[in-house]
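A.B. asks:
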Amino acid sequence: MDYTLAEYKSPQYETLGFNLVKQRLVHMGYPAEILEFGYDPSFPVRGLWFDSTYGNLLKVDAYGNILVCVHGFEFLKFSEVYELYPNKFLQLDYNRTYVLNTLFNLPETYLLACLIDFFTNSSDFIREKTGVKGGDIFMSYKSIFQDVRNAVDWVHIHGDLKSKTIENMEEYVKRDPRLPTVLTRLRESGAKTFLLTNSDYNFTNKIMTFLFDFPHGARPDEPHRDWKMYFDYIVVDACKPSFFGEGTILRQVDVQTGALKIGIHVGPIQQGFVYSGGNCDVFTQMIGAKGKDVLYVGDHIFGDILKSKKIRGWRTFLVVPELVQELHVWTDKCNLFQELQALDVRLGDMYKNLDSSAKEKPDISKLRQAIRDATHKMDLTYGMMGSLFRSGSRQTFFSSQVVRYADLYAATLLNLIYYPFSYMFRAPAMLMPHESTVAHEQRFIMESPMIARSRTYSVLDQPHPVEEEPEQTYSRTRHVERAQSQVPHARPETPRHVTHNHDEDCSDDESDEVRSGHSDPEKVTADLAAVKMAPTLLDCLAEATDVAGPCDPGAISERVLVD
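Position 275, counted from 1, in the sequence shown is what full-length UniProt numbering calls 275; the numbers after and before it change by one each time, with no gaps.
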């Protein structure tokens, strides 16, 4: 629900959480001076790693190579990074490293930077490698991190964050009249919709009531409906990501009081009722869906997307609200990325006519500095920590997880309104480096037995298919194959039908009705995660979303999972 159906306004909501955590830390014994900290939304970005040993915020690539290193508000220089991390690399160790994955982590990220900066620059403390020392007291960066984590959890579970949000929902929660329309159209298409949230029923009920508080229903001529009528199944207190594993017991919620009814619920899950807890096995069995039958929409790359994909094989749709700004910068500052690409080409040209016999190294120092300057300018257009998805031409750890685990991603679930529900999403081909650097026009000729592996197959007018033979240079191989062809099963025959099946997850003999998922109204369809891009919709999509230009619609980004 949070940041998926209910998008919280930024920076108002982050500021609220930031201030409440500060107050909790002071209550825990931290100096009252930290109450003077003010939230700066231009500093934090999602997906950073916090190294609790050295107290650094790290922006890393998919493999743990460090792209940016910040100690407090101090961006460490190249030599300083190498002193702490000799290979400029850190392995993801959850005992040492915490990944700040969610939008709820943004105020926590900034507060960690504030505290590290405060203590390391305070005259009352002496800076050491793994913490700060004041008199007989030593505070490790790990203990500071643990205190902040405990304070954040307390504010979310026991503190005033939820109550203050409910008191002023107009200030903190976005409401969009398209939401009832999207959910209604989904159900009218034959899909079943379900709400799965970690929030308790009382908070969920108040937030959802606000989101659906319109004088009419999904259409202007329809009466207002209670929010629960837009969902076939509702589960609160889900305890994700534990829900996708062992989970908890499933109980029914008394919607009048918000209390849990006694006993374990073992009957079917019914529309209009609200349930608490459970696990994925029980839930999918009760709703009659499994694996790729489900398209799951969430905002948490780990708790929602990664776990549901790896453990359950669900289709996944990641909501990334930052895409609005990312696309704006990408289109508005495209000249910076073009400059970076041009510098990369120049760097390659300096080595173009050199081979292993070269004795002198080309002087690339000026070009390397120009690449660093271009990367720095590009990063700052997104904020102090740069883009969520990249640093210069290098993709981030967060970006790699999106590519790996999200079938679809978009700034908002509401972008689905601009697609028919029979639509088949497909991403552009993802090229390997050897495919992206060698043009098709370049004829690659080599005497190698590997070349003889290729086979082609064509169907002519005659009743029997004809297998095309390899090129003339392999006449000896062709002669052997002819000799062996008289012996049955001497060699595998060239397939006479399509062998790949990773695109549509359906067989050739299935009807269109079965393929689209509409033959069984009880089945939760995954049509939106099936794979094909229809270019005729691009221009109207760009106009409808008002997010990106006609060359890059960006309403929903999609990719292909190769099974």
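Glycine residues also receive a C-beta, built at the ideal position from the N, C-alpha and C atoms.
What's the C-alpha gap between S10 and Y172?
C.D. replies: Rounded to the nearest angstrom, the two C-alpha atoms are 8 Å apart.
A.B. asks: Which of the three DSSP states, helix, strand or coil, is assigned to A6?
C.D. replies: In the structure shown, A6 sits in a strand (DSSP, three-state: E or B).
A.B. asks: Which word fits P321, buried or exposed, when buried means at least 16 other C-beta atoms lie within 10 angstroms of its C-beta?
C.D. replies: The residue in question, P321, is buried, as its Cβ has 16 or more Cβ neighbours within 10 Å.
A.B. asks: Applying the 10 Å Cβ sphere with the 16-neighbour rule, what's the burial state of A490?
C.D. replies: Under this definition A490 is an exposed residue.
A.B. asks: With a Cβ-Cβ cutoff of 8 Å, do K88 and N65 count as a contact?
C.D. replies: Taking 8 Å as the Cβ cut-off, K88 and N65 qualify as a contacting pair.
A.B. asks: Between which two residues does the alpha helix (DSSP H) holding M208 run?
C.D. replies: From DSSP, the alpha helix (DSSP H) with M208 extends over Y201 to L211.
A.B. asks: Can you list the alpha helix (DSSP H) stretches of 4 or more residues lying completely in the region 387-445, in chain order?
C.D. replies: DSSP runs (the alpha helix (DSSP H)) wholly in the region 387-445: 397-405 and 433-436.
A.B. asks: Counting only runs that start and end within the region 102-161, where is the alpha helix (DSSP H) found for 4 or more residues in a row?
C.D. replies: Counting only runs of 4 or more, we get 106-120 and 141-157.
A.B. asks: Taking its Cβ as the centre, do 16 or more other Cβ atoms sit within 10 Å of K59, making it buried, or is it exposed?
C.D. replies: Buried: at least 16 other Cβ atoms inside 10 Å.
A.B. asks: Which residues mark the beginning and the end of the beta strand (DSSP E) in which Y98 is found?
C.D. replies: Element bounds for Y98: T97 to L100.
A.B. asks: Would V45 and L111 qualify as a contact pair, given that the criterion is a beta-carbon distance under 8 Å?
C.D. replies: Cβ distance not < 8 Å, so V45 and L111 don't count as in contact.
A.B. asks: Do you know offhand how far V328's Cα is from L413's?
C.D. replies: According to the sequence provided, residue 328 is His. The question's Val does not apply to it. Rounded to whole angstroms, H328 to L413 spans 19 Å at the Cα level.
A.B. asks: Between L336, I144 and L367, which has its C-alpha nearest D349's C-alpha?
C.D. replies: The residue with the shortest Cα to Cα distance from D349 is L367.
A.B. asks: Alpha carbon to alpha carbon, how far is V319 from R404?
C.D. replies: Computed Cα separation, rounded: 15 Å.
A.B. asks: How long is the line joining the alpha carbons of F138 and K77, rounded to whole angstroms?
C.D. replies: In a straight line, the C-alpha of F138 is about 26 Å away from that of K77.
A.B. asks: Hey, which unbroken runs of the alpha helix (DSSP H) at 4 residues or more fall wholly within the region 293-380?
C.D. replies: The region 293-380 contains these whole alpha helix (DSSP H) runs: 307-312, 323-332, 334-349 and 365-380.
A.B. asks: So M286 and I262 are supposed to be a Cβ contact under 8 Å. How far apart are they, rounded?
C.D. replies: Contact doesn't hold; Cβ gap of about 20 Å is too wide.
A.B. asks: Keeping to the same chain, check which residues put their C-beta closer than 6 Å to that of F203; ignore five residues upstream and five downstream.
C.D. replies: Answer for F203: K162, listed in chain order.
A.B. asks: Give me, in chain order, the residues of the same chain whose beta-carbon lies closer than 6 Å to that of G134; leave out the 5 immediate sequence neighbours on both sides.
C.D. replies: Within the same chain, G134 has close Cβ partners D124 and F125.
A.B. asks: Considering only residues of the same chain and omitting the five flanking positions on each side of E339, which have a CB-CB separation below 8 Å?
C.D. replies: Here the set comprises A374.
A.B. asks: Inspect the beta-carbon positions of G245 and I166 and report whether they are closer than 8 Å.
C.D. replies: Going by C-beta atoms, G245 is not nearer than 8 Å to I166.
A.B. asks: Is DSSP giving C280 helix, strand or coil here?
C.D. replies: Helix.
A.B. asks: If L408 and F425 are in contact, beta carbons under 8 Å, what's the gap, nearest whole angstrom?
C.D. replies: Yes, they are in contact, since the Cβ atoms of L408 and F425 sit about 6 Å apart, within 8 Å.
A.B. asks: Going by C-alpha to C-alpha distance, which of W227, Y201, E222 and D221 sits closest to D213?
C.D. replies: When only C-alpha atoms are compared, the closest one is W227.
A.B. asks: Please state whether the Cβ-Cβ distance between residue 564 and L90 is less than 8 Å.
C.D. replies: With the chain covering only 1 through 563, there is no way to say anything about residue 564.
A.B. asks: Decide yes or no for the touch test of the region 220-236 against the region 264-278: beta carbon pairs closer than 8 Å, at least 3 of them.
C.D. replies: Taking 8 Å as the limit for Cβ pairs, the verdict is that the region 264-278 does touch the region 220-236.
A.B. asks: Do the CB positions of I301 and Q401 come within less than 8 Å of each other?
C.D. replies: The answer is yes: Cβ separation under 8 Å.
A.B. asks: Whole angstroms are fine: how far does the CA of A342 sit from the CA of D363?
C.D. replies: For D363 and A342, the distance between alpha carbons rounds to 17 Å.
A.B. asks: For Y13, which of helix, strand or coil comes out of DSSP?
C.D. replies: The answer is helix: DSSP assigns Y13 an H, G or I state.
A.B. asks: Can you tell me whether Y201 is buried or exposed, with buried defined as 16 or more other CB within 10 angstroms of its CB?
C.D. replies: Answer is buried; the Cβ neighbour count reaches 16.
A.B. asks: Spell out the partners DSSP gives residue 564 in its beta bridges.
C.D. replies: Since the first residue of the chain shown is 1 and the last is 563, residue 564 is not available in this structure.
A.B. asks: L460 to V487, Cα distance in whole Å?
C.D. replies: Unreliable positioning characterises L460 in this predicted model, as indicated by a pLDDT of 48, which lies under 50. The coordinate reading is nonetheless provided below. Cα to Cα, L460 sits roughly 25 Å from V487.
A.B. asks: List the endpoints of the continuous alpha helix (DSSP H) containing F73.
C.D. replies: Where F73 is concerned, there is no enclosing alpha helix (DSSP H), given that its DSSP letter is neither H nor E.
A.B. asks: What's the gap between the Cα of P86 and the Cα of T197?
C.D. replies: Their Cα atoms are separated by approximately 42 Å.
A.B. asks: When the Cα atoms are used, what is the spatial distance from K377 to D147?
C.D. replies: C-alpha separation (whole angstroms): 35 Å.
A.B. asks: Helix, strand or coil: which one does DSSP assign to K59?
C.D. replies: The answer is strand: DSSP assigns K59 an E or B state.
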